[in-house]
Amino acid sequence: MQRHFDKDIEDIKDLLLRMGAMVEDSIAQSIRALIERDTRLAEEVIARDDEIDRMELAIDKLTIELIAKMQPAASDLRFVATIMKITPELERIGDLAQDVCERVIELNREPQLKPVSQLPQLAESAQRMVREALDSLVNGDADLARSVIQQDDVADALTEDSFRALLTYMLENPRNISPAIRLTFVGKYFERMADGATNICEMVVYLVEGKMIKHAGSENR
Amino acid sequence: MTAITMQSTRPSRSEDPAMSDAIPAKIHVQDFDFYYGEAKTLHGISLDIPERQVTALIGPSGCGKSTFLRSINRMNDIIPDAHGEGVIEIDGRNIYSGGVDAVELRRRVGMVFQKSNPFPKSIYDNVAYGVRIGGKKNKKELDEIVEKSLRRAALWDEAKDRLHQSALAMSGGQQQRLCIARALAVDPEILLMDEPASALDPIATSKIEELIYELKENYTIVIVTHNMQQAARVSDRTAFFMLGKLVEYGETKTIFMNPKQKMTEDYVTGRFG
Chain V
1 MQRHFDKDIE
11 DIKDLLLRMG
21 AMVEDSIAQS
31 IRALIERDTR
41 LAEEVIARDD
51 EIDRMELAID
61 KLTIELIAKM
71 QPAASDLRFV
81 ATIMKITPEL
91 ERIGDLAQDV
101 CERVIELNRE
111 PQLKPVSQLP
121 QLAESAQRMV
131 REALDSLVNG
141 DADLARSVIQ
151 QDDVADALTE
161 DSFRALLTYM
171 LENPRNISPA
181 IRLTFVGKYF
191 ERMADGATNI
201 CEMVVYLVEG
211 KMIKHAGSEN
221 R
Chain P
222 MTAITMQSTR
232 PSRSEDPAMS
242 DAIPAKIHVQ
252 DFDFYYGEAK
262 TLHGISLDIP
272 ERQVTALIGP
282 SGCGKSTFLR
292 SINRMNDIIP
302 DAHGEGVIEI
312 DGRNIYSGGV
322 DAVELRRRVG
332 MVFQKSNPFP
342 KSIYDNVAYG
352 VRIGGKKNKK
362 ELDEIVEKSL
372 RRAALWDEAK
382 DRLHQSALAM
392 SGGQQQRLCI
402 ARALAVDPEI
412 LLMDEPASAL
422 DPIATSKIEE
432 LIYELKENYT
442 IVIVTHNMQQ
452 AARVSDRTAF
462 FMLGKLVEYG
472 ETKTIFMNPK
482 QKMTEDYVTG
492 RFG
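If you're matching them up, the sequences are chains V and P in order. Residue 71 in my numbering is what sits at position 71 of the first sequence, and the numbering runs on without skipping anything. Each number in my numbering comes from the position in the second sequence (counting from 1) with 221 added on.
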């Protein structure tokens, strides 16, 4: 039976997916700005973060209204709880893409450092995890969500590897310290994006299965 | 409508996490059927209702929840051609076996109905009614019982200065609490409530719900309600009935957050139809 508030739920889903698409795009553009040393592109990403923030507020408003009006239960309740946890994660991931772009602008004022091969790999890994996290949400796919969660270890390892490479550059030449520190931050931002994707996926498992796997340890996931 | 193809719905105590902790079952129901004439309206109901907890019975109209509720104190006995089969035990004794006095049973298992039904008597006489029938006539004793019952029903402060005025002059919410006081006066162990707040405004409803919460300290309460939020607010366990069968029974939080059966999910989310 179709319920009148199913439309409200669809509206929230629609808004969340549009927000997700914008965040994904911001990640992609931040990676491009980093690799191509494109200051203008970085500024564009920073400028549109406000739009992502507005979408977060709009989703919050609709979700709170939904709770007040329909007092959701069972899968509706889990949906609302999931949206309320996922939306700030997405907004935070958008902020991290903005942070990458701020470091890109600073990096572009300095001489270019030798490439660190792990960093683009890490960036792509984070981007893929966010994309798949959103796919798992759209399709209610707990298996995909679990596979994204497992990828987090790879992202952590790449972060560690890129930091070691950057440390080597700093030891080689003190002039490298400033850009290498900025790139260390960039690595950390991508690693945090991967963490955000993991958090989203934990909520997708909750949404689909009613099982809270956060902090559960790998054997209970 | 999808056919219900459920096997036995009552998990054994060891499988049921909420029943495995030390709360003893006050009411044990096993394979209970109920018939109105030829028509079978309850099909193999099995569940344990824990002592001093609130158990909510939910389900669409005609699902059998009220019939089941009334089976617990044999109120259905008064309906011609109606009979139950199977086991309903209270404290281990089958109330449908011979030798059980239905009047004594109903003293132990009190009932509150949807519409408050005070007698056209004073507040005092309403509360004292069952006690007097039971043979107690001593005024001091009656005074004490009336006060205690009204206090337990959270009505004493509102009623103490008008005890000898007509109960019918009270508001709907007060009348319902008076009926609860009347039920409590005969010192029952179990309280059955059939939509006790459905005719009340939100403030009176809230008072009844608070009262239910307080009463469970001393009584085992079984409540039928059509109000999902009320079931979620007041009960520890919830049983979902559909077409005379028990579809799902478990901790209230599980039923409202993560029910196991799709039919329960559809019902609590209002997708039913």
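Backbone N, C-alpha and C fix where the C-beta goes; we use that ideal spot for every residue, glycine too.
_Nearest by alpha-carbon distance to V/Leu183: which of V/Leu17, V/Ser117, V/Ala74 is it?_
Of V/Leu17, V/Ser117, V/Ala74, the residue nearest in Cα terms is V/Ser117.
*What is the DSSP secondary structure of V/Gly187, reduced to helix, strand or coil?*
It is helical.
*Based on the DSSP output, what are the partners of P/Glu472 in its beta bridges?*
BP columns for P/Glu472 point to P/Arg458.
*asked:* Buried or exposed, going by whether 16 or more other CB atoms sit within 10 Å of the CB of P/Glu430?
replied: It is buried - the Cβ of P/Glu430 has at least 16 other Cβ atoms within 10 Å.
_Can you check which of these residues, P/Glu379, P/Asp408, P/Ser456, is closest to P/Arg353 by C-alpha distance?_
Measuring from the Cα of P/Arg353, the nearest candidate turns out to be P/Asp408.
*Taking C-alpha atoms, which residue in V/Ile35, V/Glu44, V/Met84 lies nearest to V/Arg59?*
The amino acid occupying residue 59 of chain V in the given sequence is Ile; Arg does not appear at that position. Out of V/Ile35, V/Glu44, V/Met84, V/Met84 has the C-alpha closest to the C-alpha of V/Ile59.
*Roughly how many angstroms separate the alpha carbons of P/Pro423 and V/Leu15, rounded to a whole number?*
Taking the straight line joining both Cα atoms gives about 35 Å.
*Of the residues P/Gln451, P/Leu376, P/Arg372, P/Ala303, which one's Cα is nearest the Cα of P/Val275?*
P/Val275 has its Cα closest to that of P/Gln451, out of P/Gln451, P/Leu376, P/Arg372, P/Ala303.
*Residues in the stretch 454-488 of chain P having any Cβ partner in chain V nearer than 7 Å*: Closer than 7 Å at the C-beta level to chain V, one finds these residues of the stretch 454-488 of chain P: Phe477, Met478, Asn479, Pro480, Glu486.
*Thinking C-beta only, is V/Ser178 closer than 8 Å to V/Ala155?*
In this structure, V/Ala155 lies away from V/Ser178, with their beta-carbon atoms at least 8 Å apart.
*Anything in chain V within Cβ reach of P/Phe493, meaning under 9 Å, just list it in chain order.*
Neighbours of P/Phe493 on chain V, chain order: Met1.
*Which word fits V/Asn199, buried or exposed, when buried means at least 16 other C-beta atoms lie within 10 angstroms of its C-beta?*
So V/Asn199 ends up on the buried side.
*With burial defined as no fewer than 16 other Cβ atoms inside 10 Å of the residue's Cβ, what is the status of P/Asn297: buried or exposed?*
Looking at its Cβ environment, which holds 16 or more other Cβ atoms inside 10 Å, P/Asn297 is buried.
*CB contact below 8 Å: V/Leu77 versus chain P*: By the rule that beta-carbons nearer than 8 Å mark a contact, V/Leu77 touches chain P.
*Just checking my contact of V/Thr159 with V/Lys188 at CB under 8 Å: how many whole Å lie between their CB atoms?*
Contact flag correct, Cβ pair sits at about 7 Å.
_Residue burial classification, P/Ser337 (beta-carbon count within 10 angstroms, cutoff 16)_ = Burial check for P/Ser337: the Cβ neighbour count within 10 Å reaches 16 or more, so the residue is buried.
*If you measure from the beta carbon of P/Gln386 to each beta carbon in chain V, is any gap under 8 Å?*
False, the Cβ-Cβ gap to chain V never drops below 8 Å.
*chain P contact for V/Ala73 (CB, 8 Å cutoff)*: Closer than 8 Å to some Cβ of chain P, the Cβ of V/Ala73 qualifies, so yes.
_Classify V/Met1: buried if its beta carbon has 16 or more other beta carbons within 10 angstroms, exposed otherwise._
Per the 10 Å Cβ criterion, exposed.
*Residues that DSSP places opposite P/Ile424 in a beta bridge*: Note: P/Ile424 sits in no beta bridge, so no partner.
_Neighbourhood of P/Lys247 by C-beta distance below 8 Å, restricted to the same chain and skipping five residues each side_ = Taking P/Lys247 as the centre and dropping the five residues before and after it, the same chain places the C-beta of Ile270, Pro271, Glu272, Arg273, Ile311, Asp312, Glu410, Ile411, Thr441 closer than 8 Å to its C-beta, in chain order.
*Is the beta carbon of V/Ala165 less than 8 Å from the beta carbon of V/Val208?*
Pairing V/Ala165 with V/Val208 gives a Cβ-Cβ distance that is not under 8 Å.
*Which residues in the same chain have their Cβ closer than 7 Å to the Cβ of P/Gln228, if we skip the five residues on either side of it in sequence?*
For P/Gln228, the pLDDT reaches just 36, beneath the cut-off of 50, and the residue's location in the model is therefore unreliable, although a value from the coordinates is still provided. Closer than 7 Å at the Cβ level, and outside the excluded window around P/Gln228, lies no residue.
*Can you tell which of P/Phe461, P/Ser456, P/Ala425, P/Val333 has the C-alpha that lies nearest to the C-alpha of P/Met414?*
Nearest option by C-alpha distance: P/Val333.
*Exposure of P/Ser456, with buried meaning 16 or more beta-carbon neighbours within 10 Å*: Buried, since its Cβ has 16 or more Cβ neighbours within 10 Å.
*Is the beta carbon of V/Met193 less than 8 Å from the beta carbon of V/Ile52?*
No. Outside cutoff.
*Would DSSP call P/Asp269 helix, strand or coil?*
Reduced to three states, the DSSP call for P/Asp269 is strand.
*For V/Gly210, go through chain P and note every residue whose CB falls closer than 7 Å to its CB, in chain order.*
Chain P residues near V/Gly210: Met478, Asn479.
*Would you identify the three-state DSSP class for P/Phe255, choosing helix, strand or coil?*
Strand at P/Phe255.
*Tell me whether V/Arg250 sits in a helix, a strand or coil according to DSSP, three-state version.*
Because chain V is modelled from 1 through 221, residue 250 of chain V falls outside the range shown and cannot be assessed.
*Cβ atoms of P/Thr459 and V/Ser75: under 8 Å apart, would you say?*
Pairing V/Ser75 with P/Thr459 gives a Cβ-Cβ distance that is not under 8 Å.
*Relative to the alpha-carbon of P/Met478, which residue among V/Phe79, V/Asp161, V/Thr87 has its alpha-carbon at the smallest distance?*
When each option's Cα is compared against that of P/Met478, the closest is V/Phe79.
*If you run the structure through DSSP and keep just helix, strand and coil, what is P/Leu467?*
Strand at P/Leu467.
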